[in-house]
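Asker: Counting from 1, position 249 in the sequence shown corresponds to residue 334 in the numbering used here; the numbering is continuous, with no gaps.
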Amino acid sequence: MVGLLDAKDSKAPMAPIFLLLGFLISSLELTGAQSVGVCYGKNGNNLPADGEVIELYKSNGIGRMRIYEPDRSILDALRGSNIELIIGISNNNLEALTDAAAATDWVEKNVRNYWPDVKFRYIAVGNEVNPNDNEAQFVLPAMQNILNATASANLNDQIKVSTAIDTTLLGNSFPPSVGSFSDSASSYINPIIKFLVKNGAPLLANLYPYFSYISNPQDISLSYALFTSQSIAIMDDCSIRERLAISRWYCSFNTKCRHLLQEFD
């Protein structure tokens, strides 16, 4: 996954980062990850009980979790666990949340009913929405309504509202220092970034570094994709020298976000 600019401070790039192949790393700084989390999906058979999963997180020092939509059983199991949570809103619910009353009801049922026993950190409004899909028009209005609902509940300082994108929105990602969103994605993502800047929230992104490796094994080493490389793999004009795959994406997204911040100023 690529690293993204924290809208709160254009001089201090930090961002939640989803590694959907396994680990989720939040608050990536140029010096490394401060905390590790795991995306908790429930597509499978013979899954352990949610309480067992939470204990597994705690016993392994995993302090952050992402779920893709509200799940009462998971949320109940998280009470008092001190695990920071990213809770998602599925794409098929975006249109409904363009109604302010529906957004208020969503926050009441899925956040306020569990706060502060559950440590919500972010609400991800939509996941990898394609700018050309019908749902794209609903993302920003839904984000605004969810933000308003958290503000009405006096939670907007503790819980940030964002959306999760993927790397298909990039028109150019190599070399990382010239990263840019595609022309087709710009009209979709630029207003979202402006919203995030205004409200001090990060842009969330899903990265799949292993797929980068298997699509180009001649130029990308397995250790680079698995975050085990001990040497610099890519030299670029970016502010970081890329030893790990995540750094490359961080630079690409961060470059474009910085350019947009300059435009907004």
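Just so you know, even glycine gets a beta-carbon here, dropped at the ideal spot from N, CA and C.
(1) Count the other C-beta atoms from every protein chain shown that fall within 10 angstroms of the C-beta of residue 133, then say buried if there are 16 or more, exposed otherwise.
(2) Do residue 245 and residue 207 have their C-beta atoms closer together than 9 Å?
(3) Assess contact between the segment 190-200 and the segment 141-152, defined as three or more Cβ pairs (one per stretch) separated by less than 8 Å. Is contact present?
(4) Given that a residue counts as buried once 16 or more other Cβ atoms are within 10 Å of its Cβ, and exposed if not, what is residue 141?
(5) Using the beta-carbon count (16 or more within 10 Å), is residue 269 buried or exposed?
(6) Report the three-state DSSP secondary structure of residue 136 (helix, strand or coil).
(7) Beta-carbon separation of residue 203 and residue 164 under 9 Å?
(8) State the CB to CB distance for the pair residue 237 and residue 288, rounded to an integer number of angstroms; the pair is presumed to be in contact (CB under 8 Å).
(9) Which of the three DSSP states, helix, strand or coil, is assigned to residue 425?
(10) Could you give the C-beta distance for residue 148 and residue 174, rounded to a whole number, given that I count them as a contact under 8 Å?
(11) When you compare the CB positions of residue 230 and residue 182, do they come within less than 9 Å of one another, or not?
(12) Just checking my contact of residue 250 with residue 290 at CB under 8 Å: how many whole Å lie between their CB atoms?
(13) Run through the segment 152-185 for me and flag every whole alpha helix (DSSP H) of 4 or more residues, listed as ranges in chain order.
Answerer: The short version:
(1) exposed
(2) yes
(3) no
(4) exposed
(5) exposed
(6) helix
(7) yes
(8) With a Cβ gap of about 24 Å, residue 237 and residue 288 do not count as contacting.
(9) This structure cannot speak to residue 425, because the chain is shown only from 86 to 350.
(10) Not quite, the Cβ-Cβ distance comes to about 23 Å (not below 8 Å), so this is no contact.
(11) yes
(12) 5 Å
(13) 157-163
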